[in-house]
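I have placed the structure first, in the form of structure tokens, so that the comments after it can refer back to it.
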Amino acid sequence: MSQAGVEAAGRDWGLFARAAGYGAAAAFALFYALHFGVGVSPRQASGVAFPLAALPFAVGLMGWSGVLLSGDAVEGFSRELGASDTWTAESGRQAMALVIAFGAGGMVGAAIAGAPYGV
122 MSQAGVEAAG RDWGLFARAA GYGAAAAFAL FYALHFGVGV SPRQASGVAF PLAALPFAVG
182 LMGWSGVLLS GDAVEGFSRE LGASDTWTAE SGRQAMALVI AFGAGGMVGA AIAGAPYGV
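Just so you know, the sequence shown maps onto residues 122 to 240 in the numbering used here.
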């Protein structure tokens, strides 16, 4: 495995912050769209917005652990077959970290949106 990718260049922490911000904004908007637009109670809106934000977080964790455990094998196999020369285990881990950041930001956004209502 080469160290020429993300590991050598360093992580773009701004990218992770933007992903978390997008997740927070999406969950915040979903909460208020459900509460004011559809007319559900704040508890019900929180009961929808938070789990929907937790879903990409959980998928990202599972994907990240999968890439961590088998990323080198998948990278070598895809190169051997000629399927993809650009996919690396490093890029897979970074992609899953972005999904995790989006989900974590969404959970925070849903919690902040529901805080004024005590939910």
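All residues carry an ideal CB built from backbone N, CA and C; glycine is no exception.
Work out the CA separation of residue j and residue i for me, nearest whole Å.
i      : j      : result
Arg214 : Pro177 : 14 angstroms
Val195 : Ala145 : 32 angstroms
Ser212 : Val188 : 9 angstroms
Gly135 : Ser199 : 30 angstroms
Kindly indicate which three-state DSSP category residue i falls into: helix, strand or coil?
i      : result
Ser186 : helix
Ala204 : coil
Asp133 : coil
Val240 : coil
Ser123 : Because Ser123 carries a pLDDT of 49, less than 50, the predicted location of this residue cannot be relied on, and no value is offered for it.
Ser199 : helix
Below 7 angstroms between beta carbons: does that hold for residue i and residue j?
i      : j      : result
Ala222 : Ala140 : yes
Ala170 : Phe152 : yes
Gly235 : Pro163 : yes
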